[in-house]
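Trainee: Take this structure, written in structure tokens, and hold onto it; I'll ask about it next.
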Amino acid sequence: MPAQDLVVVAHRGASADAPQNTLAAFAAADDAGARMIEIDVHLSADGVPVVIHDGTVDATTDGAGEVGGHTVAELQAFDAGSWFGPEFAGQRIPTLAEVLDLVAARPGLDVLCEYKGAWTAEDVAVTMRVVAGSGLTGRLMVQGFDPTTVAALRDVAPQVPRSLLLEHPRADLAELLDELGAAAVSPGAALLAEDPALVPAAHAAGRQVFGWTANDEATWEALLDAGVDGIITDRPAALRGWLDAAAVPTSR
140 MPAQDLVVVA HRGASADAPQ NTLAAFAAAD DAGARMIEID VHLSADGVPV
190 VIHDGTVDAT TDGAGEVGGH TVAELQAFDA GSWFGPEFAG QRIPTLAEVL
240 DLVAARPGLD VLCEYKGAWT AEDVAVTMRV VAGSGLTGRL MVQGFDPTTV
290 AALRDVAPQV PRSLLLEHPR ADLAELLDEL GAAAVSPGAA LLAEDPALVP
340 AAHAAGRQVF GWTANDEATW EALLDAGVDG IITDRPAALR GWLDAAAVPT
390 SR
């Protein structure tokens, strides 16, 4: 069991119920009782932070090409909802500012923002100016797989808590987390099953642990048994229902 109330994190929003990384998915996550939404940020060709998972728009819109090859106006002209279902036609790739506006209007919701690949400090600063302008710095955690990106986040916005995403074991994990000043670590569920010492070691160092991406009861139970502080899931409503039935306290 976690050391504190469990945090339910909606992966790309309630992405099992609405098109991922859209305002509809984020609103659905809040309605489901998620404590955080996990989002993915990229920069448009004209330097505007936008929220979409892939580096291309092909999989989740009716457009094509690199996210960074389109202006924000071009990106927002694409339909980002019809691929999921006709009722979501007209959903758009949101800007980071639009997502933060939605979160600002929903006081029970925080943000876990993932940076894909390697980011420079200069590009990170662009996103942090948007965060600062939203007034939501205190409701944000940032994360990435690339330690150089997490280091850039540390250097640009030391006041924002950071997590290192992990898919595979690292012999230097403790030293790396210290170097990055990480408040948390986010391992895949399979890695936690492989390395049961990871959670107690992180907790001993004062860090939270968020397990990803868990969408079935067996994995949820395994993550609870491992002692994680949060579960990242595509199915926040189902997870909340399962936790409530099991009388597991949550952070919301």
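The numbering of the sequence shown is our numbering, which starts it at 140 and goes up by one. Ideal Cβ positions, reconstructed from N, Cα and C, are used throughout, including at glycine.
Kindly identify the DSSP beta-bridge partner or partners of M280.
Mentor: DSSP lists L251 as partners of M280.
Trainee: Rounding to the nearest angstrom, what Cα-Cα distance links E205 and A313 in this structure?
Mentor: In a straight line, the C-alpha of E205 is about 35 Å away from that of A313.
Trainee: Measure the beta-carbon distance from F349 to D364 and round it to whole angstroms, keeping in mind my assumption that it falls under 8 Å.
Mentor: Not a contact, Cβ separation roughly 16 Å.
Trainee: With distance defined between alpha-carbon atoms, name the residue in A171, P158, A153 and D240 nearest to R379.
Mentor: The residue with the shortest Cα to Cα distance from R379 is A171.
Trainee: Evaluate contact between the region 174-181 and the region 246-254, counting only Cβ atoms and requiring at least three cross-stretch pairs below 8 Å.
Mentor: Segments in contact, yes.
Trainee: Return helix, strand or coil for D179, following the three-state DSSP convention.
Mentor: DSSP places D179 in strand when its eight states are reduced to three.
Trainee: Verify whether the separation of the beta carbon atoms of L315 and S273 is less than 7 Å.
Mentor: No, these two residues do not count as a Cβ contact at 7 Å.
Trainee: Can you check whether the CB of T389 is closer than 7 Å to the CB of D169?
Mentor: No, the pair does not count as a contact, with Cβ atoms beyond the cut-off.
Trainee: Please report the Cβ distance between V196 and F217, rounded to the nearest whole angstrom; I am assuming they are in contact, meaning their Cβ atoms lie under 8 Å.
Mentor: With a Cβ gap of about 6 Å, V196 and F217 count as contacting.
Trainee: Is the number of C-beta pairs between the region 255-265 and the region 223-230 that are closer than 8 Å three or more?
Mentor: The region 255-265 vs the region 223-230: no contact.
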